[in-house]
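What follows is a short report on a single structure.
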Ligand code: SF4
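Numbering (the numbering used here), first residue to last: 150 to 318.
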């Protein structure tokens with residue numbers, strides 16, 4: 150299945166309750182042959198409004214930290230573990246994550262990345278696959294709020310940049 154086909158399935162999806170309050174499905178964006186995928190928790194209000202991932206405050210923060218490490222946002226594929234906004238931006242429930250995971254698995258299979266960065270607790274539900282390196286870190290929205298989280302996030306994005314250079318990505 151192509152990325153585009155997965156996106157159309159997400160736009161029409163009714164497999165869990167989250168679509169009910171959403172304006173847009175947010176499949177993610179980035180090159181179809183990206184070497185790096187970033188996976189967050191869920192689209193927030195701005196993402197829901199625009200149908201694009203990480204375009205609100207935490208998205209601007211993410212862009213800044215990527216740029217500080219010499220990583221172009223346009224070169225990576227950015228998505229989240231669930232594709233519709235949650236009520237009051239709450240953490241997705243286990244049944245919502247389970248319902249949505251097949252889309253993420255199809256996206257990973259279509260893109261075939263070398264490195265996947267899991268941002269926040271929810272993203273850790275991503276199934277691991279041989280041949281892919283995984284980097285776990287905190288969510289950018291937590292990094293924006295707490296100094297300790299900020300240090301951790303920046304450290305892991307630095308680690309990502311180092312691995313990308315070593316692998317010549
Ligand atoms: S969050 Fe995922 S499973 Fe739930 S309705 Fe949206 S696309 Fe479907």
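Where a beta carbon is used, it is the ideal one built from N, C-alpha and C, also for glycine.
| Check | Outcome |
| --- | --- |
| Taking any heavy atom of the ligand SF4 as the mark, which residues have a C-beta closer than 5 Å to it, listed down the chain? | 159, 162, 164, 165, 167, 168, 231, 232, 233, 248 and 249 |
| Just mark residue 182 as buried or exposed, buried being the case when its beta carbon has 16 or more other beta carbons within 10 Å. | exposed |
| Do residue 160 and residue 177 have their C-beta atoms closer together than 8 Å? | no |
| Figure out for me which residue from 162, 304 and 254 has the closest Cα to the Cα of residue 281. | 254 |
| Hey, would you say residue 310 sits closer than 8 Å to residue 218, going by beta carbons? | yes |
| By alpha-carbon positions, which one of 237, 220 and 246 ends up nearest to residue 229? | 246 |
| Quick one: is residue 237 buried, meaning 16 or more other Cβ sit within 10 Å of its Cβ, or exposed? | exposed |
| Are the CB atoms of residue 272 and residue 250 nearer to each other than 8 Å? | no |
| Report yes or no: is there a C-beta of chain C within less than 8 Å of the C-beta of residue 159? | Checking the listed chains, one finds no chain C in this structure; it contains a single protein chain. |
| Tell me, please, which residues DSSP counts as bridged to residue 268. | 286 |
| Would you tell me roughly how many angstroms separate the C-alpha atoms of residue 252 and residue 155, rounded to the nearest one? | 6 Å |
| Measure how close the beta-carbons of residue 185 and residue 266 come, nearest whole angstrom, since I'm counting them as under 8 Å. | 7 Å |
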